[in-house]
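Novice: Protein chains in written order, with our numbering: chain A, 334 to 580; chain B, 941 to 1088. Cβ coordinates follow ideal geometry from the N, Cα and C atoms, glycine included.
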Amino acid sequence: MAINWYKYASPASFYSLAGKMIPFFAVVAFGLLVVGLYIGFFVAPTDFQQGEAYRIIFIHVPAAWMSMFLYVVMAFWAGIGLAFNTRLSSMMATAIAPTGALFTFLALWTGSLWGKPMWGTWWVWDARLTSELILLFLYIGFMSLQAAIDDSRRADKAGAIIALVGVINIPIIYFSVQWWNTLHQGASVSVTQAPTMASTMLTGMMVMVFASWMYSIAVILKRVRVIILERESHTAWVAELRQKGVL
Amino acid sequence: MKPRHKKLAVITAGVTALGFAAVLVLNAFQSNLVFFFSPTQVTANEAPIGKSFRIGGLVEEGSVNREEGTTVKFAVTDTSEAIQVVYTGILPDLFREGKGVVAQGKLNENGIFVADEVLAKHDENYMPPEAALALEEAAKAQKASLTQ
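#1: Does Trp-452/A have its Cβ less than 7 Å from a Cβ in chain B?
#2: Measure the beta-carbon distance from Ile-355/A to Leu-554/A and round it to whole angstroms, keeping in mind my assumption that it falls under 8 Å.
#3: If I measure Cβ to Cβ from Ala-520/A and keep anything under 7 Å in the same chain, skipping five residues before and after, which residues do I get?
#4: Since I believe Trp-452/A is in contact with Pro-1032/B (beta carbons under 8 Å), could you give me their beta-carbon distance rounded to a whole number of angstroms?
#5: Does the separation of the CB atoms of Val-1012/B and Ala-1055/B fall below 7 Å?
#6: What are the start and end residues of the alpha helix (DSSP H) that includes Gln-981/B?
#7: Evaluate Asp-483/A with the Cβ neighbour count: other Cβ atoms within 10 Å of its Cβ, from every protein chain shown; 16 or more gives buried, anything less gives exposed.
#8: Looking at Ala-496/A: is its Cβ nearer than 7 Å to the Cβ of Leu-478/A?
#9: Which residues of chain A have a Cβ atom closer than 9 Å to the Cβ of Lys-947/B, listed in chain order?
#10: Give a yes or no on whether 7 Å exceeds the smallest Cβ distance from Asp-484/A to chain B.
#11: Applying a beta-carbon distance threshold of less than 8 Å, which residues of chain A neighbour Lys-893/B?
#12: Closer than 7 Å, CB to CB, is Ala-531/A near chain B or not?
#13: Answer yes or no: does any C-beta atom of chain B fall closer than 7 Å to that of Ile-503/A?
#14: For chain A, check one thing: does any of its Cβ atoms lie closer than 7 Å to the Cβ of Ala-935/B?
#15: Which stretch, first to last residue, makes up the alpha helix (DSSP H) that contains Asp-380/A?
#16: Does any C-beta atom of chain A lie closer than 7 Å to the C-beta of Gly-1009/B?
#17: Using only alpha-carbon positions, find the residue among Gly-537/A, Ala-480/A, Asn-514/A, Lys-340/A that is nearest to Asn-367/A.
#18: Using Cβ-Cβ distances below 7 Å, what residues of the stretch 1020 to 1043 of chain B are close to chain A?
#19: Val-974/B CB to nearest chain A CB: under 7 Å?
#20: Among the candidates Val-579/A, Phe-402/A, Leu-535/A, whose CA atom is the shortest distance from the CA of Pro-1068/B?
#21: My parser needs the beta strand (DSSP E) runs of 3 or more residues fully inside the stretch 998 to 1046 of chain B; what are they?
#22: State yes or no: is the beta carbon of Met-534/A nearer than 7 Å to at least one beta carbon in chain B?
#23: Assess, as a yes-or-no matter, whether the stretch 381 to 398 of chain A is touched by the stretch 442 to 449 of chain A under the definition of 3 or more beta carbon pairs within less than 8 Å.
#24: Any C-beta of chain B within less than 8 Å: which residues of the stretch 376 to 398 of chain A qualify?
#25: Could you work out which residues of chain A lie near Gly-959/B, taking near to mean beta carbons separated by less than 7 Å?
#26: Against chain A, does Ala-1072/B count as a neighbour if the rule is that its beta carbon must be under 7 Å from one of theirs?
#27: For Ile-989/B, collect the residues of the same chain with a Cβ closer than 8 Å to its Cβ; drop the 5 residues on either side in sequence, then sort them by chain order.
#28: List, in order along the chain, the chain A residues whose C-beta lies closer than 8 Å to that of Ala-962/B?
#29: For Ala-407/A, which residues of its own chain have a beta-carbon under 7 Å away from its beta-carbon, when the five flanking residues on both sides are left out?
#30: Give me the DSSP bridge partner(s) of Glu-1057/B.
#31: If you run the structure through DSSP and keep just helix, strand and coil, what is Met-530/A?
#32: Would the beta-carbon of Leu-365/A fall within 7 Å of that of Val-540/A?
#33: Are Glu-1037/B and Thr-1017/B touching if we call contact CB-CB under 7 Å?
#34: Fully enclosed by the stretch 418 to 501 of chain A, which alpha helix (DSSP H) runs are 4 residues long or longer?
#35: Taking 6 Å as the line, does the beta carbon of Ala-569/A fall inside it for any heavy atom of the ligand ADP?
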């Protein structure tokens, strides 16, 4: 069966598709969250050097990974929207930004809470921490620039440029612990090397990563639906929904 | 070439050029992005003299001496060079012999590093205490068999 993908590039058909997908992703996200937190807090063993305090890793690492990954996805959609003038792509980028910013804030906040007992400080200006803070500013910059421009098509274009320029920060965050001396530890899990974590710890962390993915998809689809309605409020299909009393 | 493909090409080229510029800038600032200096760099006079800087490495085994009050003396090593450090204050929980440490302070005229802040740097390994113990014993056994 061939799926006509282009059909879903139209905001009207994507609106109803997204509506059908949200409950699925929300339920899976909740299930994974419960399992992940259970493994993290009750099954995973105590760490040999950090004791119980290391358990914040089950929130910190998924949040930090999502903060970087969502930025790349946001910049991708913003870039597609800029190049091909597809409305839905730009709406996706706009919908991703708040969730990305939330995860960046979570990563910085949990990192700070972790740093105080382990390193002996809430914050240092090392390359990893500083570049992650810049990521938060990029998300905030993207959102405020879009909010400051009334014409949504112009707002999309301006936002896309910030998003694309900021992509350079992502490899800097990722490789900062390799390229420079940092207080932040090196990567425990990477593509090229075997993970340096006990397997139950790793399982708990990966379940939390998938929970964050599912959560992100659910809330981003929810947000993109609102954006579609807002921007398409003048169209016939939205008027039809209004008449049916669905809205 | 369709106009929208042209637009995509321009965007790709723009991002690539920016990435290249970023690489050059980061290269130029390489020395300013260093969070700490290693003992080898300090002995080679690469660290700023008379100014406050950070030194990082491992706390040398058997080098920790607690003096009166909260003053503590220890050596920071990168296994080839070691620098003596003196610090008055509370050490972080993870401060241990053989483990990572980053200290901020100045070198005095005797070549001793007077720290006003000591932070612990932990590594990327996570495992239960039993596994760590087993690894340690395996390492000891290997060392013993090597010296025989």
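Specialist: On the basis of the coordinates in this document:
#1: Interface residue, yes.
#2: That belief holds up - the Cβ atoms of Ile-355/A and Leu-554/A are roughly 5 Å apart, short of 8 Å.
#3: The residues are Val-510.
#4: 6 Å
#5: no
#6: 979 to 983
#7: By the neighbour-count rule (16 or more Cβ atoms within 10 Å), Asp-483/A is not buried but exposed.
#8: no
#9: Chain A residues near Lys-947/B: Leu-415, Ala-416, Phe-417, Asn-418.
#10: no
#11: With chain B covering only 941 through 1088, there is no way to say anything about residue 893/B.
#12: yes
#13: no
#14: This structure cannot settle anything about residue 935/B, because the visible part of chain B is limited to 941 through 1088.
#15: Here Asp-380/A belongs to no alpha helix (DSSP H), and DSSP marks it neither H nor E.
#16: no
#17: In the sequence as displayed, the identity of residue 367/A is Val instead of Asn. Checked all of Gly-537/A, Ala-480/A, Asn-514/A, Lys-340/A; the closest Cα to Val-367/A is Gly-537/A.
#18: Pro-1032, Asp-1033, Leu-1034, Val-1042
#19: Yes, Val-974/B lies at the interface with chain A (some Cβ there is under 7 Å from its Cβ).
#20: Leu-535/A
#21: Runs of the beta strand (DSSP E) inside the stretch 998 to 1046 of chain B: 1011 to 1017, 1022 to 1028.
#22: Yes - at least one Cβ of chain B is within 7 Å of the one on Met-534/A.
#23: Contact annotation: the stretch 442 to 449 of chain A touches the stretch 381 to 398 of chain A, with at least three C-beta pairs closer than 8 Å.
#24: Pro-378, Thr-379, Asp-380, Phe-381, Gln-382, Gln-383, Tyr-387, Ile-390
#25: Ile-501
#26: yes
#27: Leu-1047
#28: Ile-501, Ile-505
#29: Note on residue identity: the sequence assigns Met, not Ala, to residue 407/A. Excluding residues within five positions, the ones whose Cβ falls inside 7 Å are Ala-426, Ile-429, Ala-430, Gly-433, Ala-496.
#30: Gln-1044/B
#31: strand
#32: yes
#33: no
#34: Those alpha helix (DSSP H) runs which fall completely within the stretch 418 to 501 of chain A and span 4+ residues are 420 to 451, 460 to 481, 485 to 499.
#35: For the ligand ADP, the structure offers nothing, since it holds no ligand at all.
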